[in-house]
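Step one of this worksheet: look at the structure below.
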Amino acid sequence: MIQAFLSRQFVVFLLTGGTAAIVNFTSRIIYSAWMGFSAAVILAYLTGMVTAYILARHFVFKTSTQPLTRSILFFLLVNALALAQTWAVSMLMALYALPALGVIRYAPEIAHATGIIIPVFTSFLGHKYWSFRSH
3 MIQAFLSRQF
13 VVFLLTGGTA
23 AIVNFTSRII
33 YSAWMGFSAA
43 VILAYLTGMV
53 TAYILARHFV
63 FKTSTQPLTR
73 SILFFLLVNA
83 LALAQTWAVS
93 MLMALYALPA
103 LGVIRYAPEI
113 AHATGIIIPV
123 FTSFLGHKYW
133 SFRSH
């Protein structure tokens, strides 16, 4: 399993995932102008997820033999878990950890960025072995 994280494929996954994370992070700031933090985190995650699917399918898992509908289904399942991780970490950081540390300035941004980083490894494995599996 560690070999998977030492591959060129993982590096490209990090680059495309980083791009999707920037879309996620930036859109959360925009969405926050119209809705609360919790809803903005979820909507931003969905925006980033669409970006991530397109980039992963075309640049990371090019050899996938998974049918499109099955690929999308598994992609959604893997990302449902990652969304739960992202939301829980973001909320715990914003509501408890950062206030306990006295961090007020940029607390939502720090909380959300931390939440985005957490599921990187679990998502890569889920997408490699389920969403974009090659036979």
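The numbers in the numbering used here rise by one with no breaks, and the one at position 22 of the sequence shown is 24. All C-beta atoms, glycine included, are put in the ideal place defined by N, C-alpha and C. If you're wondering where the values come from, they're calculated on a predicted model, not measured in any experiment.
For residue i versus residue j, is the C-beta distance shorter than 8 angstroms?
i, j, result
"residue 10", "residue 66", "no"
"residue 122", "residue 19", "yes"
"residue 57", "residue 88", "no"
"residue 96", "residue 39", "yes"
"residue 26", "residue 55", "no"
"residue 113", "residue 133", "no"
Could you tell me how far apart the beta carbons of residue i and residue j are, in whole angstroms, since I believe they sit closer than 8 angstroms?
i, j, result
"residue 42", "residue 34", "4 angstroms"
"residue 124", "residue 83", "7 angstroms"
"residue 6", "residue 127", "7 angstroms"
Could you spell out the range, first to last residue, of the alpha helix (DSSP H) harbouring residue i?
i, result
"residue 30", "10-33"
"residue 128", "122-128"
"residue 50", "39-57"
"residue 73", "70-94"
"residue 112", "109-119"
"residue 7", "4-7"
**Asked** Are the region 103-112 and the region 57-64 touching by the rule of at least three beta carbon pairs closer than 8 angstroms?
**Response** The region 103-112 makes no contact with the region 57-64; the number of CB pairs closer than 8 angstroms stays below 3.
**Prompt:** Are the region 69-79 and the region 90-104 touching, with three or more C-beta to C-beta distances below 8 angstroms?
**Reply:** No, they do not touch.
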